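Taken in order, these protein sequences are the chains called A and B.
Sequential numbering from 1 applies to the first sequence in my numbering.
Sequential numbering from 1001 applies to the second sequence in my numbering.
Notes follow once the structure below has been shown.
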Amino acid sequence: MGELPKNIFRFISFILVQVFILNKIPPLHQFVTPYLYFLFILWLPFKVSRPALTFIGFIFGLSLDYFTKTPGLHAAACCLVAYIRPFVINILISKEDSGYNYTSPAPSSMGWSQYMVYVFVLSLAHNFWLVFLEWLQLRNFLYLVGKIIATTGVSFLLIMITEGLFFRKQKFKTNI
Amino acid sequence: MRNVFLKIRQYFNLIFFLTLQVIACYILFHYNRYHEAVFMGVGGEITGFINERYNNVESYFSLKKTNTELMEENTRLKNLLKQNFDIPDTTFLAVTDTIRIDSVEQHRKYQYYSAKVINNSVTSQNNYVTINRGYAQGIEKDMSVISPTGIVGTVVNVSKNMATIMSLLHSQSRVSASLKKTGETGSVEWEGNNPQEITFKNIPKSVIVQKGDTVVTSLYSTFPPGYPVGVVNEIAEQPGSNFYVLKLKPLTNFFNVQYVYVVKNLHKQEQDALEKATNK
């Protein structure tokens, strides 16, 4: 499958999984909301230009907002994730490194430890921004901190499970 | 001038990102239930369509529970029927009214529409319920919505075949309610944390409240009066205040609400017009 149809398919399935499976789970605790959908942005190919990446993040978040009826909330968080993604990648793998020879970020292209840092930083950014914007409407500091930590932990765990379930083989790109 | 353009090109990514953030935050904070129509318009119908498809499958899983609930409600309503009551006094005869115009109908205040829930959330801080009835079926904004066991919320947005309801579990939701036993009126709100717990405020400490007391909608609420809201679960006394803060367990099970009734207050227009004219 080409990159474009593959990503369109992922776009739709991540939204549907988030809306119809993860959001339907009865809350285990008031702090725990499982978020997985933004993994779509994490999986986008390296070569997507930065404005395009930011814009895709915005549109992706907004589509989820249509389902959850929270206009702008997920859009803002996804936009942030998409914007800081290139910075995080630049820090984790240098330009000369093998990372850029692969199509998209994956444990097999970045190495497990780098990939885990990548996932952790971006899910923290996503959940921080999301919970912070929610908190501005209902102020409670303990709620803010507790929810950021708990949701990030759950997101991280879910992403690692998904990574284990759907192994993505990364082809090595050569110039030939 | 050239430098300005150069700077813009240099920081294009950052500017683009900030613009999108500002747009997102703007629609988030300037959005309330009155702006909903603009945002939801076409998108609402599309997501509603997908939700309906999904619900077609999902509703089978709770069929048994829904049936039991409907049976219970039927039993309760059957018990209210006229023929269940025997009139011992023979001087009063029950005569069937043969006049065409229903004399009861003129005084009808509430009209009920049944509807099926096609989408529902409990996990966020502002929760909404979507139902499969819209203005084509007579649903209007600000109508109240109840389930067989308790109140659900208020209609905030209506499209042709669907309507969204601001659930009781919404940070802006306020319902006027009173204690069933003594009749003191207060306001029911949601703190935004636990979907199993709503807050009942403004009950003076002079009232004796016990755990397990029922709270019903008050005479002044938009809901039909006397309809169950919740059961007192925890009594918290605020020091330095003359009022209790009561924690209620809502009687509607928001986790699996399937069928609801939308209630139209037929006197609302007249009441609103009169009150507006008085306040002028």
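For each residue, glycine too, the CB sits at the ideal point set by N, CA and C.
In this text, all values refer to a predicted model and were calculated from it rather than measured experimentally.
Between the alpha carbons of B:N1161 and A:K47 lies a distance of about 43 Å. Here the alpha carbon of A:L53 sits roughly 40 Å from the alpha carbon of B:V1152.
Inter-segment contact for the stretch 31 to 47 of chain A and the stretch 156 to 163 of chain A is present: three or more beta-carbon pairs are separated by less than 8 Å. A:E134 and A:L80 have their C-alpha atoms roughly 15 Å apart.
With respect to the C-alpha of B:G1044, the residue from B:V1022, B:I1165, B:S1114, B:V1257 having the closest C-alpha is B:I1165. Chain-ordered listing is empty here: chain B has no CB closer than 7 Å to the CB of A:P105, the nearest sitting near 19 Å. Sorting B:Y1011, B:R1076, B:H1030 by C-alpha distance to the C-alpha of A:R50 places B:Y1011 at the top.
A:V131 sits close to A:I148, with the two beta carbons spaced by under 8 Å.
When secondary structure is reduced to three states using DSSP, B:Q1125 falls in the coil class, being assigned neither helix nor strand. Excluding residues up to 5 positions away in sequence, G1134, Y1135, I1139, E1140, K1141 lie with their Cβ nearer than 7 Å to the Cβ of B:V1158 in the same chain. Taken in chain order, the complete beta strand (DSSP E) segments of 3 or more residues contained in the stretch 1229 to 1271 of chain B are 1243 to 1250, 1259 to 1265. Judged by beta-carbon spacing, B:K1180 lies within the 8 Å limit of B:V1215, meaning their Cβ atoms are closer than that value. The Cβ of B:S1147 sits no closer than 8 Å to any Cβ of chain A.
Using a Cβ-Cβ cut-off of 8 Å, B:Y1054 is close to F20 of chain A, given in chain order. Neighbours of B:Y1128 in chain A, taken as residues whose beta carbon is under 7 Å from its own, are K69 in chain order. For the 8 Å CB-CB criterion, A:F128 and A:F60 do not form a contact. Exclusion of the five residues before and after A:A106 leaves R168, Q170 as the residues of its chain whose Cβ lies within less than 6 Å of its Cβ.
Not one beta carbon of chain A lies nearer than 8 Å to the beta carbon of B:P1250. The criterion of a C-beta distance shorter than 8 Å is satisfied by B:W1190 and B:I1198.
A straight-line Cα-Cα distance of about 14 Å links B:Q1210 and B:E1184.
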